[in-house]
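Student: Below: one structure in structure tokens.
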Amino acid sequence: MNSVNRKSVMHTILMGLLHSLFGLFIVLTSLWFCLAIWIQQPLGQVVSYIIIALWVIFAFSILGIYFTKNLFSRKTDTLIYIAAFLISLLWYFNIPAKQDRQWSPEVSRIFSYEKQGNLVTIHNVRNFNWHSETQYDEQWDTRTFNLDHITGVNIITSYWMGPQIAHTLVSFNFSDQKPLVFSIEIRKEKTESFSAIGGFFRQFELSLIAADEKDIVYTRSNIRGEQVYFFPIQLPKAESKALFEEYLSKSDGLAKNPKWYNTLTSNCTTLVFDMIQAISPKKLPSDYRLFASGYLPNYLYDLGALSHQWSMKEWYKNAHINPRTARYAHFKYQNSTNFSKVVRLGLPQPLEK
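So the sequence shown is residues 1 to 353, counted in full-length UniProt numbering.
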């Protein structure tokens, strides 16, 4: 084979590869756009389905033209599709997050606070009494905390779809006040339910809840039947206070500028990591377990944030609170203080390093 033929073959192979890559680009971007329209339904359900159908026809036409004959020219066909996709991106990234929707009651309020020195008064601490997922007694408290009286921090992981994915909550212990839990969650509207796919496509705003442990842990372990694990972590006192203040700062930011929840990049675990990183004196290593949030306790163990008095297998066995909270239903006094004692039975107290 002479050099001219070799160049011709290489050119054919290269062009075939480029055509295949562009075809894959069309397929993936079309899938993204159709899912975005399906989730958002910007012009109502019927019109949205029409838009999806038209886009699918458009994309398949471009694919057919691209691999067979040209409508105008290959360059023009490519530019038409890219321009259409850029317009779709312009629409998508300009969808505003809002605060004034018809929210589901459990996320209807955003907590606010006043801070004087180390004293923090938090309004709208959620303290619901849950009977079922749809039946509860609604109550919002005002509580005052002294940051100098923080005695420990706990990471709580709640599993509902296998070992890889968990919801992450952070609980603060106080010497003179009931524990307070912060939870970064989706802010559902009254007509919505959780959707992992919807979380990728700006279906839900981001919500930061301050809650009583009996409310926000009990509803997962006892009402929803999720598997919940309670991990006291080792964190210096100064960093514990700084982490609490990071939550206050995050609440300020969301009150001023509502943001979208994202299943992958802005969720209950990645945002907690960002806050811990902000107050940590050293850079924490990036790790796949920040996205596979079910393995977050293993990540904390490797960092030394969990005591090495137990192996991780022993930690998971001892930190599993469901066997303990199941007995709580038979307690004579079913209050917040007793519930917090139940979830901590047999666990080491958080240590200040």
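Glycine included, each C-beta is placed from N, C-alpha and C at the ideal position.
Within 10 Å of its beta-carbon, does Y301 have 16 or more other beta-carbons around it, so buried, or fewer, so exposed?
Tutor: Position 301 of the sequence shown, counting from 1, holds the residue named residue 301. Buried, by the Cβ-count rule.
Student: So, helix, strand or coil for F145, using DSSP?
Tutor: For the purposes of this step, residue 145 is taken as the residue at position 145 of the sequence shown. Looking at F145 - three-state DSSP - the assignment turns out to be strand.
Student: Between which two residues does the beta strand (DSSP E) harbouring T151 extend?
Tutor: For the purposes of this step, residue 151 is taken as residue 151 along the sequence shown, with counting starting at 1. From DSSP, the beta strand (DSSP E) with T151 extends over I150 to Y159.
Student: Closer than 6 Å by C-beta to G198: which residues in its own chain qualify, once you throw out the five before and the five after it? Chain order, please.
Tutor: Locating residue 198 in the sequence shown gives position 198, where the first residue counts as 1. For G198, where only same-chain residues beyond five positions count, the Cβ hits under 6 Å are I39.
Student: Who are the Cβ neighbours of L43 in its own chain at under 8 Å, not counting the five residues just before and after it?
Tutor: The residue labelled residue 43 in the question sits at position 43 within the sequence shown. Counting only Cβ-Cβ distances below 8 Å, and skipping sequence neighbours, we find I51.
Student: Going by C-alpha to C-alpha distance, which of Q309, A211 and E192 sits closest to Q203?
Tutor: Residue 203 sits at position 203 when you count from the first residue of the sequence shown. Here the closest residue by C-alpha is E192.
Student: Using a threshold of 8 Å, state whether the C-beta atoms of D210 and R126 are closer than that.
Tutor: Reading the sequence shown from its first residue, position 210 is the one you call residue 210. Reading the sequence shown from its first residue, position 126 is the one you call residue 126. The sequence given here places Ala at residue 210; Asp does not occur at that position. Result yes, Cβ atoms of A210 and R126 sit closer than 8 Å.
Student: Could you check which residue in S175, W310 and D252 has the C-alpha nearest to that of Y113?
Tutor: Mapped onto the sequence shown, residue 113 falls at position 113. For the residues S175, W310 and D252, the minimum Cα distance to Y113 belongs to D252.
Student: As an exercise, report each continuous alpha helix (DSSP H) stretch of at least 4 residues that is fully enclosed by the UniProt domain "Lnb N-terminal periplasmic" (136-293), in chain order.
Tutor: Whole alpha helix (DSSP H) segments, 4+ residues: 213-216, 237-256 and 270-279.
Student: Indicate whether S221 and N322 have their beta-carbon atoms separated by less than 8 Å.
Tutor: Residue mapping note: residue 221 aligns to position 221 of the sequence shown, counting from 1. Residue mapping note: residue 322 aligns to position 322 of the sequence shown, counting from 1. Going by C-beta atoms, S221 is nearer than 8 Å to N322.
Student: Pick out whichever of A326, S340 and L264 has its Cα sitting closest to the Cα of V181.
Tutor: In the sequence shown, residue 181 corresponds to position 181, counting from 1. Of the listed residues, the one whose Cα sits closest to V181 is S340.
Student: Between S311 and F25, what straight-line distance do the alpha-carbon atoms span, to the nearest angstrom?
Tutor: Residue mapping note: residue 311 aligns to position 311 of the sequence shown, counting from 1. Residue mapping note: residue 25 aligns to position 25 of the sequence shown, counting from 1. When rounded, the distance between both Cα atoms is 46 Å.
Student: Return the residue from the list N129, W160, T265 and A196 that minimises the CA-CA distance to N335.
Tutor: Locating residue 335 in the sequence shown gives position 335, where the first residue counts as 1. Of N129, W160, T265 and A196, the residue nearest in Cα terms is N129.
Student: Look at the Cβ atom of F230, then the Cβ atom of I156, and state whether they are nearer than 8 Å.
Tutor: Reading the sequence shown from its first residue, position 230 is the one you call residue 230. Reading the sequence shown from its first residue, position 156 is the one you call residue 156. Against a cut-off of 8 Å, the Cβ pair of I156 and F230 comes out as a contact.
Student: Pick out whichever of S48, T76, I13 and I110 has its Cα sitting closest to the Cα of N257.
Tutor: In the sequence shown, counting from the first residue as 1, residue 257 sits at position 257. Among S48, T76, I13 and I110, the Cα nearest to that of N257 belongs to I110.
Student: Checking 8 Å against the spacing of the C-beta atoms, do L35 and F201 come in under that value?
Tutor: Here residue 35 refers to the residue found at position 35 when the sequence shown is read from its first residue. Here residue 201 refers to the residue found at position 201 when the sequence shown is read from its first residue. Result yes, Cβ atoms of L35 and F201 sit closer than 8 Å.
Student: Check whether the Cβ atoms of E189 and R289 lie closer than 8 Å to each other.
Tutor: As a position in the sequence shown, residue 189 is number 189, starting the count at 1. As a position in the sequence shown, residue 289 is number 289, starting the count at 1. No. Outside cutoff.
Student: Assuming S207 contacts V107 under a Cβ cut-off of 8 Å, what Cβ separation, rounded to an integer in Å, is found between them?
Tutor: As a position in the sequence shown, residue 207 is number 207, starting the count at 1. As a position in the sequence shown, residue 107 is number 107, starting the count at 1. The Cβ separation is near 5 Å, so the contact holds.
Student: Straight-line CA distance for D274 to W260?
Tutor: Residue mapping note: residue 274 aligns to position 274 of the sequence shown, counting from 1. Residue mapping note: residue 260 aligns to position 260 of the sequence shown, counting from 1. Rounded to the nearest angstrom, the two C-alpha atoms are 16 Å apart.
Student: Leaving out five residues before and five after D137 in sequence, what residues of the same chain have Cβ atoms less than 7 Å from its Cβ?
Tutor: Walking along the sequence shown from the start, residue 137 turns up at place 137. Cβ within range, chain order: F128 and N129.
Student: Considering only DSSP beta bridges, list what R126 is partnered with.
Tutor: By 1-based counting over the sequence shown, the position of residue 126 is 126. In the DSSP output, where bridge partners are listed per residue, R126 has W140 and A211.
Student: Please report the straight-line C-alpha distance between residue 360 and K75, rounded to a whole angstrom.
Tutor: The requested residue 360 is not part of the displayed model; the chain covers only 1 to 353.
Student: How would you label H131, buried or exposed, when you count the other beta carbons within 10 angstroms and need 16 or more for buried?
Tutor: Counting from 1 along the sequence shown, the entry for residue 131 is found at position 131. Classification for H131: exposed.
Student: Quick one: is E213 buried, meaning 16 or more other Cβ sit within 10 Å of its Cβ, or exposed?
Tutor: As a first step, residue 213 is located in the sequence shown; it is residue number 213 there, counting from the start. Counting Cβ neighbours within 10 Å, E213 comes out buried, since at least 16 surround it.
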